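Each residue of the sequence shown is one higher than the one before, starting from 181 at the first, in my numbering.
Accompanying notes for the structure given below.
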Amino acid sequence: MGQGAVEAVASPAIPSANGYQVVFKQAETLLDAQSIPRQPALGLIHTFSAEGLEGPFKKPRRFSAINGDGFPFQWSVSLGRQTASLRFLTDCGVPGSRISERIKHTRARLGDVAVQLGLTDSLPHLDSALAQLLPEASALDASLMGLCLAVELDSSGGVGIKVYVNSEVGDVGERYDRFERCLDFLGRPGAVKRLRTLQMTFGGSIAPAFSALDLVPKGIGRIKLYFRPTDGNARFAALAAQAVGCDQAESQLLPLHRAFCNGEGYPAQAVDFSVEFPPEGLATGFKLDLNTGLLFGSDAEVDERVLNLLNELSFDSQPYALVREIVAGSCSNEHVRSILFVGLAVRGLERKVNVYFHPFPAH
181 MGQGAVEAVA SPAIPSANGY QVVFKQAETL LDAQSIPRQP ALGLIHTFSA EGLEGPFKKP
241 RRFSAINGDG FPFQWSVSLG RQTASLRFLT DCGVPGSRIS ERIKHTRARL GDVAVQLGLT
301 DSLPHLDSAL AQLLPEASAL DASLMGLCLA VELDSSGGVG IKVYVNSEVG DVGERYDRFE
361 RCLDFLGRPG AVKRLRTLQM TFGGSIAPAF SALDLVPKGI GRIKLYFRPT DGNARFAALA
421 AQAVGCDQAE SQLLPLHRAF CNGEGYPAQA VDFSVEFPPE GLATGFKLDL NTGLLFGSDA
481 EVDERVLNLL NELSFDSQPY ALVREIVAGS CSNEHVRSIL FVGLAVRGLE RKVNVYFHPF
541 PAH
């Protein structure tokens with residue numbers, strides 16, 4: 181966040197695709213309910229998402245890695261002691277095109293909105309970071325993802341952009357090398373040191389999965405590196421947090437475990453964790469994300485556990501309930517269809533809960 185309010189753009193014409201219609205209607209309702217200006221939010225959804233939401237999402241291959249069914253969009257709500265924020269995560273591009281082509285498409289779309297969002301000077305830094313992070317095009321084209329975008333919206337009309345980069349290409353050593361080159365190139369020696377500690381401590385027990393770069397007016401802000409562990413034990417996540425200097429994370433993550441863990445840990449495939457490296461001198465962050473569909477049997481059960489977590493943290497549950505009602509409607513008692521991921525982020529003494537929703541599970 182922090183780019184400030186931007187100028188409104190004209191409301192786009194809605195394509196005939198059902199996916200776009202559903203997302204666009206939800207967007208109007210969510211923005212109005214949270215007193216967030218409709219513009220530039222609706223214009224950004226159109227710019228980034230319209231082509232992808234036309235589908236097809238599953239054939240000839242799964243279009244997006246955001247959702248298991250290939251649908252290239254999620255809503256997210258971020259909750260803490262301060263005001264909540266609304267986010268969306270989207271895959272740019274035309275279904276059927278190669279991943280390398282979609283990367284170029286995404287970069288072009290960022291260029292289309294950069295002046296409006298005050299991010300023109302950040303794009304050369306993004307290009308330099310991507311040159312370090314991305315493998316060769318042929319390897320990317322065999323994967324399910326290149327780049328995707330997260331957009332955060334607030335009541336002032338401010339917009340924050342985060343660029344997610346696929347790292348699940350190549351062996352574990354190659355992935356670490358790409359992470360390290362990027363951090364080194366961006367002048368984050370403290371982050372390089374902590375990444376090396378993490379690698380030496382855990383080796384192949386954690387695999388780099390993807391990274392996320394915050395675009396700020398003059399360059400790149402926080403950098404998040406995501407990992408998939410081979411062990412879902414809660415203690416394993418605590419040790420990973422300690423390895424990167426987040427010594428209080430074990431106690432700060434306990435509310436998440438009390439709300440979502442039925443034993444000592446989770447199935448490893450249901451867990452991702454991420455390390456957030458800020459500019460030098462600021463606190464490193466740590467986050468644990470859970471894939472709810474691999475843990476529970478219904479949205480209703482997930483919803484109950486989310487509410488328990490928010491209650492224990494003394495966070496206002498109303499923004500979550502509002503998004504759930506608009507996006508998911510009544511919670512399914514039979515399947516996890518809408519409330520797909522829940523994460524708890526720790527940065528110093530601050531904690532935030534993030535909940536991710538599928539906008540159109542019945543497509």
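Glycine included, C-beta positions come from ideal geometry on N, C-alpha and C.
Note that this is a predicted model, so its numbers are computed, not measured.
Output needed for residue i: all residues of its chain with C-beta closer than 7 Å, excluding positions within five of it in sequence on either side, in chain order.
i, result
"residue 324", "242 and 245"
"residue 508", "479, 518, 519 and 537"
"residue 542", "none"
"residue 412", "445, 446, 447, 448, 450 and 451"
"residue 389", "347, 348, 406, 407, 408 and 452"
"residue 544", "What is shown of the chain runs 181 to 543, which leaves residue 544 out entirely."
Taking the straight line between their C-alpha atoms, what separation do you get for residue i and residue j?
i, j, result
"residue 382", "residue 445", "18 Å"
"residue 407", "residue 379", "11 Å"
"residue 512", "residue 476", "12 Å"
"residue 322", "residue 347", "13 Å"
"residue 198", "residue 409", "37 Å"
"residue 312", "residue 495", "39 Å"
"residue 396", "residue 499", "26 Å"
"residue 522", "residue 414", "15 Å"
"residue 471", "residue 526", "18 Å"
"residue 183", "residue 392", "Bear in mind that the predicted position of residue 183 carries a pLDDT of just 39, short of 50, making it unreliable; the figure below should be weighed with that in mind. Rounded to whole angstroms, residue 183 to residue 392 spans 18 Å at the Cα level."
"residue 437", "residue 420", "16 Å"
"residue 485", "residue 318", "42 Å"
"residue 428", "residue 422", "8 Å"
"residue 288", "residue 296", "14 Å"
"residue 204", "residue 222", "7 Å"
"residue 235", "residue 377", "43 Å"
"residue 272", "residue 345", "13 Å"
"residue 473", "residue 307", "35 Å"
Assuming residue i and residue j form a contact by the criterion Cβ under 8 Å, report the distance between their Cβ atoms to the nearest whole angstrom.
i, j, result
"residue 333", "residue 265", "7 Å"
"residue 269", "residue 256", "6 Å"
"residue 374", "residue 464", "7 Å"
"residue 342", "residue 394", "5 Å"
"residue 335", "residue 215", "5 Å"
"residue 267", "residue 330", "6 Å"
Within its chain, find whatever has a CB closer than 6 Å to the CB of residue i; leave out the 5 residues flanking it on each side and keep chain order.
i, result
"residue 274", "231"
"residue 454", "404, 406 and 467"
"residue 249", "none"
Apart from the five residues just before and just after residue i, which ones in its own chain have a Cβ nearer than 8 Å to its Cβ?
i, result
"residue 239", "none"
"residue 368", "403, 457, 459 and 460"
"residue 206", "255, 506, 507 and 539"
"residue 418", "429, 430 and 433"
What residue does the beta strand (DSSP E) around residue i start on, and which one ends it?
i, result
"residue 617", "No information on residue 617 is available, as it lies outside the stretch 181 to 543 that the chain covers here."
"residue 492", "Premise fails: residue 492 lies in the alpha helix (DSSP H), 479-493, not in any beta strand (DSSP E)."
"residue 328", "327-333"
"residue 536", "530-537"
"residue 525", "519-527"
"residue 433", "Element bounds for residue 433: n/a, residue is neither H nor E."
"residue 446", "It is not in any beta strand (DSSP E) - residue 446 carries neither H nor E in the DSSP assignment."
At what residues does the alpha helix (DSSP H) containing residue i begin and finish?
i, result
"residue 296", "279-297"
"residue 418", "414-423"
"residue 506", "498-507"
"residue 229", "218-229"
"residue 371", "369-382"
- [ ] Evaluate contact between the stretch 491-510 and the stretch 209-217, counting only Cβ atoms and requiring at least three cross-stretch pairs below 8 Å.
- [x] yes
Open item on the list: If contact is defined by three or more beta carbon pairs under 8 Å, each pair taking one atom from either stretch, is the stretch 478-496 in contact with the stretch 507-522?
Closed with: Touching, per the Cβ criterion.
Task: Contact the stretch 518-533 vs the stretch 421-439: 3+ CB pairs below 8 Å - done: yes
Open item on the list: Any contact between the stretch 291-305 and the stretch 351-360? By contact I mean 3 or more CB pairs, one from each, below 8 Å.
Closed with: no
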